[in-house]
Amino acid sequence: MKTSKTCGYSLTRREWIAAAAIPVLSAKIKPLVEHSDILVYGATSGGVIAAVEAARIGKRVTLISRHRSVGGASSNGLGFADVGNWRTIGGVAREFFHRLWLYYRGNAAWRWQTRDSYRSVRGQGPLAMDDKNQLMWVFEPHAAEYVFLQMLTDAHVHLVYAKLERQADGVSRVGSNIHSLATTDGRIFTADIFIDATYEGDLMAACGVRYTIGREPNSLYHETINGIERHLAIGNQLPRGIDPWRIPGDRGSGLLPGIFSGIDKPDGAGDKKVQAYGYRMCLTDVPENRVAVEKPVGYHQEEYELLFRATACGVRRFFKLDMLPNRKTDSNNSGGMSTDYIGMSYGYPDGSDAERARISRLHYRWQQGLVWTLQHHPRVPADIRAFYRPWGLPRDEFVQTGHWPEEIYVREARRMVGEFVQTQHCVLDDSAVHDAALLGSYAMDSHNVQRYVDHVGQVRNEGDVQRQVPRPYRVSWRILLPHWSECRNLLVAAAVSSSHIGFGSLRLEPVFMMLGQVAGTAAGLSCIHHTNLHDLPYQALRHRLLASHQIIDRNG
141 MKTSKTCGYS LTRREWIAAA AIPVLSAKIK PLVEHSDILV YGATSGGVIA
191 AVEAARIGKR VTLISRHRSV GGASSNGLGF ADVGNWRTIG GVAREFFHRL
241 WLYYRGNAAW RWQTRDSYRS VRGQGPLAMD DKNQLMWVFE PHAAEYVFLQ
291 MLTDAHVHLV YAKLERQADG VSRVGSNIHS LATTDGRIFT ADIFIDATYE
341 GDLMAACGVR YTIGREPNSL YHETINGIER HLAIGNQLPR GIDPWRIPGD
391 RGSGLLPGIF SGIDKPDGAG DKKVQAYGYR MCLTDVPENR VAVEKPVGYH
441 QEEYELLFRA TACGVRRFFK LDMLPNRKTD SNNSGGMSTD YIGMSYGYPD
491 GSDAERARIS RLHYRWQQGL VWTLQHHPRV PADIRAFYRP WGLPRDEFVQ
541 TGHWPEEIYV REARRMVGEF VQTQHCVLDD SAVHDAALLG SYAMDSHNVQ
591 RYVDHVGQVR NEGDVQRQVP RPYRVSWRIL LPHWSECRNL LVAAAVSSSH
641 IGFGSLRLEP VFMMLGQVAG TAAGLSCIHH TNLHDLPYQA LRHRLLASHQ
691 IIDRNG
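Just so you know, we're using this note's numbering here: the sequence shown kicks off at 141 and counts up by one.
Here you go:
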């Protein structure tokens, strides 16, 4: 049973969840106030690493998890890690992948296949199981959460399950500093330094820090591949010739679900739309561990009409089956009609908790229906049905949420507009970065944003951009800092200050872990030196990061 330690007691995760769900009995009861040196809101992968590093510096750290799971996307199906250049991943992030290697070193972790049978599997670049460097780049969801919880316990981080009160008075400020945050169960948390590690930037938004949603026009930062990008939308595209109308050729029948009649702006123009979300499905073909994917309640085959028409054009594969240990998969989007629910995520970033839950349910129902359709619908060719039918949900994953990931994969939501904005230029030429805290190496990558009818009357996807970077590049630590005038004791470790396309090279789990280490280090040093975050000497930050094996320079 997994446990969390605080104040000398050891509680199971289930007990923590139960405690967090206890309502406030009366408005007259004085709220419980908990103080720590550093408070991290959001138990994403980066949030865990931030909390661990701050605690290792010697600070009292509270980590608030909004979800039952700990570790964000990495514990919710994204086990085929987006590595980029693996040599740029150092520090506590590399420790996480080393601990995973230790987890999989023994036979006890291999229930549904042998370790030897997995040796030749490749991850995104390196071998999935790198015995030479003692790193494991590909992993099951439960293994990731186990390692994250182990790291928190070892560092004596105070782990709390609660949600920020986002409706009103959730954040109390004194001047330009956050004083406290309130959670929906009536508790108050105070700290000297706050870190927002949520993918959505909820704490950042609640305390009034400026942010943006969607895609900036190219003109704002003099970029060339931001904004609307029809001509670059080559990857994950639909085959040409697919009719957009409910009745093919009949404009009067109306457009199929999820298709816009057109795009009324030129390429390079900005908008407020966000790239597609989806669940990173974990599937298995082991009969003893397999739970069938059921036909969802309220199933409408019209929602999958594009799939039927794509098969008629010769498309045969509709999502990935990237292999994790124990005959499981990280099944991600692949192709123009796949697991991404294009156009359905727009209301999520600024949405209330209820609205986000509604959007998440829509994605779940649609994606469940996609799998069922591929496995069973008679309009799907027999060879495709036969290919996908062996796969089901793993009985030993996500046992509290019907074997489906608890968290939807939020690829992008709010982005802070802070002290330093990472743009396309920073990725391609880092000569202006003199206060680097990590290296980036992944491509500038965006999933599709919308479907539309083009000038010849066929369905096209728009928004997919995949631009490789010429070499690893230095990332300024100031992308974590709000403007001085807006907030002085907050670091933003996931919804960092960047343009849409600049964020495309940062929005990967290993990068979030490295950003988390920067946040935890900066917060800890700020407490030790009794200085504002904005006044923290860069050399002090750099020295501590290098001492903790973060990789900052290309020759490092």
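Note that beta-carbon positions come from the ideal geometry of N, C-alpha and C, so glycine has one too.
Specify, as a first and last residue, the run of the beta strand (DSSP E) that residue i falls within.
i      : result
Ser385 : In the sequence as displayed, the identity of residue 385 is Trp instead of Ser. Start and end: 385 to 387.
Arg391 : 390 to 395
His556 : Checking the displayed sequence, the identity of residue 556 turns out to be Met instead of His. Unbroken beta strand (DSSP E) run through Met556: 554 to 556.
Leu630 : 630 to 632
Name the one or two DSSP bridge partners that residue i has.
i      : result
His175 : Thr330
Gln590 : Glu602
Ser312 : Ser320
Thr228 : Beta-bridge pairing links Thr228 to no other residue.
Phe459 : Asn473
Thr184 : Gly211
Met269 : Met276
Gly644 : In the DSSP output, where bridge partners are listed per residue, Gly644 has none listed.
Ser638 : Gln562
Asp411 : Arg355
Quick one, are the C-beta atoms of residue i and residue j less than 8 Å apart?
i      : j      : result
Glu363 : Thr563 : yes
Arg591 : Gly483 : yes
Val278 : Ala221 : yes
Tyr417 : Arg529 : no
Leu676 : Ala662 : yes
Ser118 : Val596 : With the chain running from 141 to 696 in the structure shown, residue 118 is simply not present.
Arg420 : Tyr549 : yes
Trp250 : Asn429 : no
Ser638 : Val561 : yes
Gln515 : Arg505 : no
Ala346 : Asp325 : no
Ala337 : Gly656 : yes
Ala409 : Ile368 : yes
Cys422 : Gly217 : yes
Tyr582 : Gly509 : no
Lys412 : Gly354 : yes
Trp512 : Lys435 : yes
Met477 : Ala450 : yes
Arg306 : Asp342 : yes
Thr330 : His175 : yes
Val605 : Gly644 : yes
Taking the alpha carbon of residue i as the reference point, which residue from the options has its own alpha carbon closest?
i      : options                        : result
Trp241 : His565, Arg255, His517, Gly532 : Arg255
Ile189 : Val651, Ala308, Pro518, Tyr613 : Val651
Glu280 : Gly263, Gln307, Ser637, His674 : Gly263
Asn317 : Arg684, Arg682, Asn672         : Asn672
Gly603 : Thr469, Gln377, Asp294         : Gln377
Asp177 : Gly664, Ile691, Leu648, Gly476 : Gly664
Gly230 : Asn695, His689, Val567         : His689
His574 : Asp407, Ala322, Gln679         : Gln679
Arg245 : Val232, Arg259, Arg234, Ala233 : Arg259
Ser214 : Val314, Asn473, Val287, Asp536 : Val287
Glu537 : Glu285, Glu495, Leu299         : Glu285
Can you look up residue i in the DSSP assignment and give me helix, strand or coil?
i      : result
Ile353 : strand
Asp294 : helix
Asn358 : helix
Pro677 : coil
Gly418 : strand
Pro489 : coil
Gln307 : coil
Arg200 : coil
Arg614 : strand
Ala576 : strand
Thr424 : strand
Asp585 : strand
Phe288 : helix
Ala167 : Since pLDDT at Ala167 reaches only 39, below the 50 mark, its modelled position is unreliable, and the value read off the structure follows with that caveat. The answer is coil: DSSP assigns Ala167 none of H, G, I, E or B.
Pro545 : coil
Ile335 : strand
Leu242 : helix
Thr143 : For Thr143, the pLDDT reaches just 37, beneath the cut-off of 50, and the residue's location in the model is therefore unreliable, leaving the point undetermined.
Ile258 : Here residue 258 turns out to be Tyr, not Ile, going by the sequence shown. Note: Tyr258 maps to helix in three-state DSSP.
Arg153 : In this predicted model, Arg153 has a pLDDT of only 40, less than 50, meaning its place in the structure is not dependable; the value taken from the coordinates is given anyway. Helix.
Pro534 : strand
Arg551 : coil
In terms of residue numbering, what span does the alpha helix (DSSP H) encompassing residue i cover?
i      : result
Gln507 : 493 to 516
Ala526 : 522 to 528
Arg726 : Outside the shown range of the chain, which is 141 to 696, sits residue 726, and nothing can be said about it.
Ser666 : 649 to 669
Asp342 : 342 to 346
Leu568 : 564 to 568
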